[in-house]
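A.B. asks: First to last, the protein sequences are chains A and B. Here this note's numbering is used: the first residue of the first sequence is 91, the next is one more, and so on. Here this note's numbering is used: the first residue of the second sequence is 91, the next is one more, and so on. Just so it is clear, CB atoms sit at the ideal spot from N, CA and C, and this is done for glycine as well. Dropping a structure here in structure tokens format, bear with me for questions.
Number of protein chains: 2
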Amino acid sequence: MDIEADLLTSWATALLRRWGYTDADAEFLATTLVDANARGVDSHGVVRIPAYERRIAENLVDTRAVPKVDVSGAVIKVDANGAAGQIAARAAVESALELSREAGIACAAVRGSTHFGTAGYYARWLAGNGAIGIVVSNSEPIVVPHGGKKALLGTNPIAFAAPTESDAVSLDMATSTSAMGKVLIARATGQQVPDTWGVDDAGNPSTDPNAISALLPAAGPKGYGLAFLVEILGGVLSGAAVSHGLGSMYADFDRPQDVGHWILAINIEHFMPVAEFTKRSQALVELAHATEPAAQDNGVLVPGEPEERTRAERLRKGIPIPDEVVNELQQVGERHGVAFP
Amino acid sequence: MDIEADLLTSWATALLRRWGYTDADAEFLATTLVDANARGVDSHGVVRIPAYERRIAENLVDTRAVPKVDVSGAVIKVDANGAAGQIAARAAVESALELSREAGIACAAVRGSTHFGTAGYYARWLAGNGAIGIVVSNSEPIVVPHGGKKALLGTNPIAFAAPTESDAVSLDMATSTSAMGKVLIARATGQQVPDTWGVDDAGNPSTDPNAISALLPAAGPKGYGLAFLVEILGGVLSGAAVSHGLGSMYADFDRPQDVGHWILAINIEHFMPVAEFTKRSQALVELAHATEPAAQDNGVLVPGEPEERTRAERLRKGIPIPDEVVNELQQVGERHGVAFP
């Protein structure tokens, strides 16, 4: 079914309040989820709610927890303190924005966190406030190192965003070729996948989604190297768990995830007036748009533009939710007396 | 021929002094070039010296210029002021290191610069001084945007390095699949190349190195997105030239290159004691090494390790320089009375 974004946000907010979140926290969390759906990143949207329900019920996430924020110079150390990733990341972004206005640059390292939704949400938030944002997070291992047979690192996303005159350019990419979610969809629909997506148990690239047991890094050593950088910043530097030390959101219910994030805010005004910067970034966007496309029917887009188009369409037409997800969400809603719309 | 690294550095230093560089500047510049050769990145090594000779002769690079450094909070704006990229980047790294010791993090944006050698050199320098280093640079356009037919951005490298107990992990990658240098080698040796390297004039991927007129971004939209990030940080934010505004090192002798770099120094001590950090990063390295390899005869390496192995071998056996490059360097040496060893 297609459901209006606002309706979906209201429902998720009401549900999250029922679990103990304050009005503001519930609305923020719901907004991050529905924003992912609106941009077509459905794997990071409301489909996660049943897992949140279970992790909260198991006392692995504390809906009333307030992250601990420790500032030293232009760096911020955040201990999620049992809070969900979104709540911890919000504290990190707010603090980094404030510090970067004074120092010109600030970064926040977050430990003890959970999956925080899309990294791009926080990067775009920074870009909406006069900053260039870079956001990374480690995640549970599911990607083989270049030349390896078994998973070592997560899909370890990298996001960035910077303002333009029209809005912003933004990137939010996994450092693996594909997400595991796409492999699961191929399994469900009985389709083959490109041999660059993942490997079988022997470590050989496979086109059979049922045989794939771990993902491949994007562009081999490059994606592996970037994932390593993310693990260093998000995991090693923050004091969070690293590699197999991370708890799985869907499989480990005996321990917290202990995910780590790293968030950088670069205050543009310290380099040049924001209007000059956006004029320059807009010129680059227009150069990209003016590039002759390889296939005559497609134009060259800038990073973030495909997702912005999806968002515009979904805000108009509604968010498509597959029947099996609707069914799950209806059940969660019933269990807590908040009927799915 | 194979030539001892120290001998090559001494020769390049003597030559650079002859062109007006101070002893310290000449030695630094020579060291960055020979370090690239030692690590197997020969495209960024002494092969560049004849181009330096010409650009200095044409007054496009000033061997006596001192970069202008402007500090505001924890950010540094560097105007290369006619100096070579290495000299400008050195000023940026030194200033970022100093500021980051106080603020915990600092970044430097450099404008008006030239190709600065390998980005990894500066990242490793930072890692050798208690910091995590991230270094990017824009470069003359030679890579098509995802879905585009003509070049928009450069190979726009991203480098990072972080200390470990044994030394450091480091990454230095172009955001394109391949470097143009590799395409040129394939042309010279009459070999085909993978169809992921570049496109022909019609924008179609080609395996014929003679048909390739522009490179492809690594992993499509991911490499394109990362190159865009680099262009934003190195070009737009620094005030340097952007995209086609950049001068070509080898083709444009009527104007300076106006390359831009961006350098980030994260002082580890502000997050945890360096010894604790290196214990944690070393543990990650060892986890990687312990990962079962996909092919039985290869071990899983960490980023930077292949180049370190090449370096160890070349420092032992000498730096291999192809005959045609030796010939060119001999001629440069003769022109300036500094005989190639």
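For my contact list, L306 (chain B) and P295 (chain B) are in at a C-beta cut-off of 8 angstroms; report their separation, rounded to the angstrom.
C.D. replies: 7 angstroms
A.B. asks: List, in chain order, every chain B residue whose beta-carbon is nearer than 7 angstroms to that of V326 (chain A).
C.D. replies: F367, R370, S371 and L374
A.B. asks: At a Cβ threshold of 7 angstroms, is M263 (chain A) touching chain B?
C.D. replies: Yes, because at least one Cβ of chain B sits closer than 7 angstroms to the Cβ of M263 (chain A).
A.B. asks: If the criterion is Cβ atoms closer than 7 angstroms, does the pair A249 (chain A) and A209 (chain A) meet it?
C.D. replies: yes
A.B. asks: Would you kindly work out how many angstroms separate the C-alpha atoms of Y111 (chain A) and A292 (chain B), rounded to a whole number?
C.D. replies: 56 angstroms
A.B. asks: For the segment 256-322 of chain B, which segments carrying the alpha helix (DSSP H) assignment without a break, of at least 4 residues, lie completely within its bounds, in sequence order?
C.D. replies: 270-279 and 311-320
A.B. asks: In angstroms with no decimal places, state the Cα-to-Cα distance between L187 (chain B) and E397 (chain A).
C.D. replies: 38 angstroms
A.B. asks: Counting only Cβ-Cβ distances shorter than 8 angstroms, please list the residues of the segment 182-215 of chain B near chain A, keeping chain order.
C.D. replies: E192, A193, G194, I195, A196, C197 and A199
A.B. asks: In or out: E143 (chain A) buried (at least 16 other Cβ within 10 Å) or exposed?
C.D. replies: E143 (chain A) should be labelled buried.
A.B. asks: What are the residues of the segment 145-171 of chain B that lie near chain A, defined by any Cβ-Cβ distance shorter than 7 angstroms?
C.D. replies: Shown in chain order are the members of the segment 145-171 of chain B whose Cβ falls below 7 angstroms from a Cβ of chain A: S162, G163, A164, V165 and K167.
A.B. asks: Looking only at its chain, what residues have a beta carbon closer than 6 angstroms to the beta carbon of D132 (chain A), apart from the 5 residues adjacent to it on each side?
C.D. replies: Same-chain partners within the cutoff: there are none.
A.B. asks: In angstroms with no decimal places, state the Cα-to-Cα distance between E43 (chain A) and R107 (chain B).
C.D. replies: Not covered by the structure: residue 43 (chain A). The range shown for chain A is 91 to 431.
A.B. asks: Report yes if the C-beta distance between S162 (chain A) and H351 (chain A) is below 7 angstroms; otherwise report no.
C.D. replies: no
A.B. asks: Does the CB of G293 (chain B) have a neighbour CB from chain A at under 7 angstroms?
C.D. replies: yes
A.B. asks: Would you kindly report the start and end of the unbroken alpha helix (DSSP H) that includes L419 (chain B)?
C.D. replies: D413 to H426
A.B. asks: Beta carbons nearer than 8 angstroms to chain B: which residues of the segment 295-315 of chain A have them?
C.D. replies: A308, A309, P311, K312, G313, Y314 and G315
A.B. asks: Quick one: complete alpha helix (DSSP H) runs, 4+ long, within the segment 346-383 of chain A?
C.D. replies: 364-379, all fully within the segment 346-383 of chain A.
A.B. asks: Can you tell me which of the three DSSP states S328 (chain B) falls into?
C.D. replies: Note: S328 (chain B) maps to coil in three-state DSSP.
A.B. asks: Quick one, which residues of the segment 340-356 of chain B are near chain A if we go by CB-CB under 8 angstroms, in chain order?
C.D. replies: L354 and I356
A.B. asks: Secondary structure at G218 (chain B), three-state DSSP: helix, strand or coil?
C.D. replies: coil
A.B. asks: Along the segment 225-255 of chain B, what residues have a CB closer than 8 angstroms to any CB found in chain A?
C.D. replies: V234, P235, H236, G237, G238, K239, K240, L242, I248, F250 and A252
A.B. asks: Give a yes or no on whether the minimum CB-CB distance between T121 (chain A) and chain B is below 7 angstroms.
C.D. replies: In terms of beta-carbon proximity, T121 (chain A) stays away from the interface with chain B, with every pair separated by 7 angstroms or more.
A.B. asks: List the residues of chain B that L336 (chain A) touches, going by C-beta distances under 7 angstroms, in chain order.
C.D. replies: Going along chain B, no residue has its Cβ under 7 angstroms from L336 (chain A), so there is no contact; the nearest lies around 12 angstroms.
A.B. asks: Would the beta-carbon of K167 (chain B) fall within 7 angstroms of that of A141 (chain B)?
C.D. replies: no
A.B. asks: Name the one or two DSSP bridge partners that D92 (chain B) has.
C.D. replies: B:P410
A.B. asks: Which residue wins for smallest C-alpha separation from V289 (chain B), given the options B:V233, B:G337 and B:V259?
C.D. replies: B:V233
A.B. asks: Report the neighbours of H360 (chain A) on chain B: residues whose CB is nearer than 9 angstroms to its CB, in chain order.
C.D. replies: S162, G163, A164, V165 and K167
A.B. asks: Within its chain, find whatever has a CB closer than 6 angstroms to the CB of S338 (chain B); leave out the 5 residues flanking it on each side and keep chain order.
C.D. replies: E230
A.B. asks: With which residues is A170 (chain A) paired in a DSSP beta bridge?
C.D. replies: According to DSSP, which records beta bridges pairwise, A170 (chain A) is partnered with nothing at all.
A.B. asks: Report the three-state DSSP secondary structure of F118 (chain A) (helix, strand or coil).
C.D. replies: helix
A.B. asks: Can you tell me whether V183 (chain B) is helix, strand or coil according to DSSP?
C.D. replies: helix
A.B. asks: Quick check on this structure: which residue in B:R154, B:A104, B:G175 and B:H360 has the alpha carbon closest to the alpha carbon of V349 (chain B)?
C.D. replies: B:G175
A.B. asks: Report yes if the C-beta distance between F120 (chain B) and P157 (chain B) is below 7 angstroms; otherwise report no.
C.D. replies: For the record, residue 120 (chain B) in the displayed sequence is Ala; it is not Phe. In this structure, P157 (chain B) does not lie closer than 7 angstroms to A120 (chain B) by Cβ.
A.B. asks: Do T245 (chain B) and A264 (chain B) have their C-beta atoms within less than 7 angstroms of each other?
C.D. replies: yes
A.B. asks: By the criterion of Cβ-Cβ separation under 8 angstroms, what are the contact partners of I322 (chain B) in chain A?
C.D. replies: By Cβ distance, chain A contributes I222, F250, A252, V259, S371 and L374.
A.B. asks: Let's test the definition: count the other Cβ atoms within 10 Å of the Cβ of L274 (chain A) and tell me whether it reaches 16, buried, or not, exposed.
C.D. replies: exposed
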